[in-house]
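Trainee: Position in the sequence shown (from 1) plus 465 gives the number in the numbering used here.
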Amino acid sequence: MDYMITPRNHLFKTACFTLGGVGSFAVSFYFYYLYFFMRDHFGFSSKDNLAFAALNGFIYIIASWQAGQFAQRRGYLNALKIGFSIMLFALAVGSQLAKRDFAVGLVLASILFTIGQCFLWPTIEALVSEGEDIAGLSRAVGTFNVVWAGTQALALFGGGMFVEKFGFGTIFFLPITLLTTQLALTFWLEIYANDLAHTADNKPSPAPIPDPHRPSPAKAKAFLQMAWLANPFAYIAINTFIPMLPTLAARFHLSPMFAGFACSLWCFSRLGTFIALWLWTDWHYRFRWLMTACGLLVVSFAVILIVPSLAVLLMAQIFFGGAIGLIYYSSLFYSMDVGEAKGEHGGIHEAAIGVGNCIGPAVGAAAVQFFPQYTNSGAIAVSVLLLCGLCGLLTIWKTSR
Numbered sequence: 466m467d468y469m470i471t472p473r474n475h476l477f478k479t480a481c482f483t484l485g486g487v488g489s490f491a492v493s494f495y496f497y498y499l500y501f502f503m504r505d506h507f508g509f510s511s512k513d514n515l516a517f518a519a520l521n522g523f524i525y526i527i528a529s530w531q532a533g534q535f536a537q538r539r540g541y542l543n544a545l546k547i548g549f550s551i552m553l554f555a556l557a558v559g560s561q562l563a564k565r566d567f568a569v570g571l572v573l574a575s576i577l578f579t580i581g582q583c584f585l586w587p588t589i590e591a592l593v594s595e596g597e598d599i600a601g602l603s604r605a606v607g608t609f610n611v612v613w614a615g616t617q618a619l620a621l622f623g624g625g626m627f628v629e630k631f632g633f634g635t636i637f638f639l640p641i642t643l644l645t646t647q648l649a650l651t652f653w654l655e656i657y658a659n660d661l662a663h664t665a666d667n668k669p670s671p672a673p674i675p676d677p678h679r680p681s682p683a684k685a686k687a688f689l690q691m692a693w694l695a696n697p698f699a700y701i702a703i704n705t706f707i708p709m710l711p712t713l714a715a716r717f718h719l720s721p722m723f724a725g726f727a728c729s730l731w732c733f734s735r736l737g738t739f740i741a742l743w744l745w746t747d748w749h750y751r752f753r754w755l756m757t758a759c760g761l762l763v764v765s766f767a768v769i770l771i772v773p774s775l776a777v778l779l780m781a782q783i784f785f786g787g788a789i790g791l792i793y794y795s796s797l798f799y800s801m802d803v804g805e806a807k808g809e810h811g812g813i814h815e816a817a818i819g820v821g822n823c824i825g826p827a828v829g830a831a832a833v834q835f836f837p838q839y840t841n842s843g844a845i846a847v848s849v850l851l852l853c854g855l856c857g858l859l860t861i862w863k864t865s866r
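(1) If we ignore side chains and look at the alpha-carbon of each, how far apart do A528 and F584 end up?
(2) For the 8 Å Cβ check, are there 3 or more pairs between the segment 610-621 and the segment 475-491?
(3) Which residues in the same chain have their Cβ closer than 7 Å to the Cβ of S848, if we skip the five residues on either side of it in sequence?
(4) So which of L650, Q531, S560 has the shortest CA-CA distance to G581?
(5) When the distance is taken between beta carbons, is A574 closer than 8 Å to S493?
(6) Do A544 and F554 have their beta-carbon atoms positioned less than 8 Å apart in this structure?
(7) Going by Cα to Cα distance, which pick from T646, L499, I599 is closest to G559?
(8) Is it right to say L520 is buried, meaning 16 or more other beta carbons lie within 10 angstroms of its own, or is it exposed?
(9) On the CB-based measure, 16 or more other CB atoms within 10 Å of its CB, does W745 come out buried or exposed?
(10) Measure the C-alpha to C-alpha separation of E595 and F752 and round it to an integer number of angstroms.
(11) In the DSSP assignment, find the alpha helix (DSSP H) that holds R735 and state where it starts and stops.
(12) Could you tell me the boundaries of the alpha helix (DSSP H) in which F501 lies?
(13) Please list, in chain order, all residues of the same chain as Y793 whose beta carbon is under 7 Å from its beta carbon, the five residues on each side excluded.
(14) Taking the C-alpha atoms as reference points, what is the distance between G812 and H506?
(15) Once the 5 residues before and after T712 are set aside, which same chain residues still bring their CB inside 6 Å of it?
(16) For L515 versus P721, is the C-beta spacing smaller than 8 Å?
(17) Can you round the beta-carbon distance between K546 and L643 to whole angstroms, since I take them to be within the 8 Å contact cut?
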C-alpha cells in the first residue's frame, strides 16, 4: 500500500472518485462506439463484434486478477500510473492503425487497452474503500458507483453526437485527452500521498465499533460467493447487448447518435438504482433482493434482443439497468466488506466481470455461427446461459443454509 489511507483524507478520496468517473467515460466511449467503427470501416458483422468482445473479455479475466495482486503488493498509485500509460500508448497506436485500415492491428491495440484498464478498477475500488468502517464503506462504494455509472451513461448517451459531428477519430482522441489528465492527476496524488505520510492528519483511525447487526462470517462469505457468481452473468448480458448495438440500430433504422439515445436508458436506470441502494442500505445481505435482480436480468435481456419493438426495448431497459445495478453493487460491496485484501478482492471482482465479458459474447457468436437460420439464436442461447446462473445462485444459497 502507498500509505495509510483514512476517511479523513477527503481530498485524496475525492481525487480517486474523479479518476474513476473520468476513466469510466473514456473507456466506455471508446468501446461503445468502437463496435460501430468496426462495422462501418471494416465490415464487421454481429458475429465478428461478439467474437471481438469475447476476446477482450478473456484478456480482462487474467489481467484484472493479476493487476489486483500487483496493486496490493506494489502500491496502488504505481498500478494506476502503469495502467494509464498502457492505455494512452494503446490508443495512440490504435489511431494510427485505424488510419492505415489495419483491422488486426486495431484489435491487438484494443486488447492492450483492455490490459491497461485492468490496472485501474481494482486499484480505485481499493483506494476508495481503504480505512473505512461499515458505514463509511457503504458511502464510499455508493459514491464510487454513482460517479462511474453516471459518466458511463453520459458516454453512451452523448457519444454518438461526438462521432457524428467530428468523425470516428474522436473515439481515440477524446479518451487520449481525458486519460492524459488522469495520468497527471495520479502523479499529483503521489506527491500528496507522500506529504500525508508525514502529517498528523494521517494517523490511523480508531478501531471501528463492532456492528451487532453484521451477519455471521459464514453468511457473509456465502453472499460474497453468490455476488461473485451473479456479477459475471450480469456482464454476460451487458457484453452481449453492447456488441449488438449496431445490429439493433440497423433494425430500428437508427444512426449512431440516435442509437446512443435509445440504447443508453439502461445506464440511467442502473445509475438510479445505484443512488437508491446508496441511500437505502437494508438490502445488505438480503437474499431476496439479489434473487429478484437475477430473475429480472434474464427476462429483460431476452425481451430487449428478441422483441422487435422500440417501445418494448425502452421499457425493458429500465428493468435491465435496475437488475444490473443491484448485482454489481452487491459484488463490489461484499468484495470490499469481506476480508482485508481489498486490492486482491477488487481484482477478483473485476476478473469475475471479465468472465461475463468473455462467455456472453462467445456464446452469442457461437450460436450465430452454428444456427444462422435462426434470427435470435444468439439472444436465446445467452438467455439460457443466464438461467443457468440463476440456478447456480439458488444452489449456493441452499447449501449455505
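Glycine included, every Cβ here is placed at the ideal spot set by N, Cα and C.
Mentor: The relevant details are as follows:
(1) 8 Å
(2) yes
(3) V763, F766, A767
(4) Q531
(5) no
(6) no
(7) L499
(8) buried
(9) exposed
(10) 26 Å
(11) 730-744
(12) 475-507
(13) N696, A699
(14) 34 Å
(15) S511
(16) no
(17) That pair is no contact at about 16 Å.
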